[in-house]
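Undergrad: In my numbering, the protein residues as written are 193 to 315.
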């Protein structure tokens, strides 16, 4: 489905702007660059579909992003899966996704940890 120019992203559910595949291309923890997350057609969760070898134990099938909640038209609150570097135990940290105007890139920031991730939309 194509969006008409009159459609504002504000009319979309929070995660709808994220539907599709995203590749991690920058930010902290460069060992995770190349991870690919696919946001399902409901725009509510993002699941890892490709992951580089990593010391944290991330695996294909892990739900990386959950509880996508709109804050404003270009900001989405998120729970991001993290894994403990020593034990691999999973937990979720709350962050905010900022979407570029063209919808091609995401920057995730995490106030509790001071870290950031950069993701690029895949075709």
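Where is the CB? At the ideal position from N, CA and C, for every residue including glycine.
Model, not experiment: these values are computed from the prediction.
1. Give the straight-line distance between the Cα atoms of residue 194 and residue 278, rounded to the nearest whole angstrom.
2. Suppose you measure from the CA of residue 238 to the CA of residue 212; what does that come to, to the nearest Å?
3. Please report how far the alpha carbon of residue 261 lies from the alpha carbon of residue 309, in whole angstroms.
4. Is the distance from the Cβ of residue 215 to the Cβ of residue 314 below 8 angstroms?
5. Do you know offhand how far residue 285's Cα is from residue 303's?
6. For residue 253 versus residue 270, is the C-beta distance shorter than 8 angstroms?
7. Below 8 angstroms between beta carbons: does that hold for residue 301 and residue 280?
TA: According to the structure data:
1. Within the chain shown, residue 194 is the residue found at index 2, counting from 1. Within the chain shown, residue 278 is the residue found at index 86, counting from 1. Here residue 194 scores only 43 on pLDDT, less than 50, and its place in the model should not be relied on; the value that follows carries that caveat. So the two alpha carbons sit approximately 45 angstroms from each other.
2. Counting from 1 along the chain shown, the entry for residue 238 is found at position 46. Counting from 1 along the chain shown, the entry for residue 212 is found at position 20. C-alpha separation (whole angstroms): 9 angstroms.
3. In the chain shown, residue 261 corresponds to position 69, counting from 1. In the chain shown, residue 309 corresponds to position 117, counting from 1. Each residue's Cα considered, the two are about 18 angstroms apart.
4. Taking the first residue of the chain shown as 1, we reach residue 215 at position 23. Taking the first residue of the chain shown as 1, we reach residue 314 at position 122. Their beta carbons are under 8 angstroms apart, which means residue 215 touches residue 314 by this criterion.
5. Locating residue 285 in the chain shown gives position 93, counting from the first residue. Locating residue 303 in the chain shown gives position 111, counting from the first residue. If you take the alpha carbons of residue 285 and residue 303, they lie about 9 angstroms apart.
6. For the purposes of this step, residue 253 is taken as the residue at position 61 of the chain shown. For the purposes of this step, residue 270 is taken as the residue at position 78 of the chain shown. Contact: no.
7. The sequence position of residue 301 within the chain shown is 109, counting from 1. The sequence position of residue 280 within the chain shown is 88, counting from 1. No, they are not a contact pair.
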